[in-house]
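Per full-length UniProt numbering, residue 1 is the first one in the sequence shown, and the count goes up by one each step.
Worksheet for the structure shown next.
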Amino acid sequence: MSLKSRLWRLSTVVRRWRDCLRKRAKSNDKMDSVDVDLGDLVPHPRFGAFPHLPGGTPTTLAVRQQYAYRMQIVFPETKTAADPEKHNYSVIPRAYYVDVLKQCRDCNRRFIFFAREQRHWYEELKFVIDADCVHCPECRKSTRKLRRRFARYSETINAPDLDDDSLATLLSDAVFLWNHGLLNDEQKLRRLHNLGIKRVPDHPVVKTITRLLD
């Protein structure tokens, strides 16, 4: 898709949402007193950054009657049907989902917890229906990567026999964990550094560790 096409689609989305917000402001419904800035939302890799408009038109008051949304900043126009029979433990059934404006607990940036994403969480992945999304897509991705690399490091650090490629991967994981504060034993990093100098002296990660230890 060309840049011109992307800009046209972006302007169309923004214009549609401005129209929706104007209609909500003119209605008798109680509306969230929030200035919805559509320009600073963290994008989702699959759903984008802006609320979706599938065509549902429940009122804000109706959405608030659902327990999960009573204190949330919601977009009623994004109504997406739910299937309560697929929920993992639901005392109060959720008839539909709506896009919700959230603030990341780590980076404090705002993002949309999309209705379709909620349906994926609660009906396909079977997350407990009360589970909440508290991190933006970028921080969630970083957290998953951190866990993945920590698990790999933990598995290989005590392995008796590592080939050169596996050793280089171990050193790379050590650098990653050091930079994220999960590895703070300098002596352990020095031992890995010495092993790297002995086994893979020309690998870039060895030079990286040298700079970290200087």
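Where a beta carbon is used, it is the ideal one built from N, C-alpha and C, also for glycine.
Sequence-distant residues of its chain with Cβ nearer than 8 angstroms to residue i (five each side left out)
i, result
"V134", "K102, C104, R105"
Burial state of residue i, where buried means 16 or more other Cβ atoms lie within 10 Å
i, result
"P201", "exposed"
"V63", "buried"
"V206", "buried"
Backbone secondary structure at residue i - three-state DSSP
i, result
"K126", "coil"
"G181", "coil"
"L167", "helix"
"Q66", "coil"
"F50", "coil"
Interface flag, residue i vs chain B, CB-CB below 8 angstroms
i, result
"V63", "Within the model displayed, chain B is absent; a lone protein chain is all it includes."
For residue i, the residue or residues it bridges with in DSSP
i, result
"Y96", "A81"
"I197", "According to DSSP, which records beta bridges pairwise, I197 is partnered with nothing at all."
"V42", "F111"
"N88", "V128"
"W146", "Reading the sequence as shown, one finds Leu at residue 146 and not Trp. DSSP output for L146 lists no bridge partner at all."
"V74", "V100"
Residue i versus residue j: straight-line alpha-carbon distance, rounded
i, j, result
"F50", "P43", "8 angstroms"
"D165", "I73", "49 angstroms"
"M84", "R94", "According to the sequence as given, residue 84 is Pro; it is not Met. C-alpha separation (whole angstroms): 6 angstroms."
"N194", "R110", "44 angstroms"
"F150", "R116", "31 angstroms"
"S154", "W121", "29 angstroms"
"V100", "F176", "33 angstroms"
"R147", "K141", "10 angstroms"
"S172", "E138", "21 angstroms"
"C107", "L183", "22 angstroms"
Sequence-distant residues of its chain with Cβ nearer than 7 angstroms to residue i (five each side left out)
i, result
"Y67", "I92"
6 angstroms Cβ shell around residue i - same chain, five flanking residues per side excluded
i, result
"T78", "P51, H52, V98, D99, A115"
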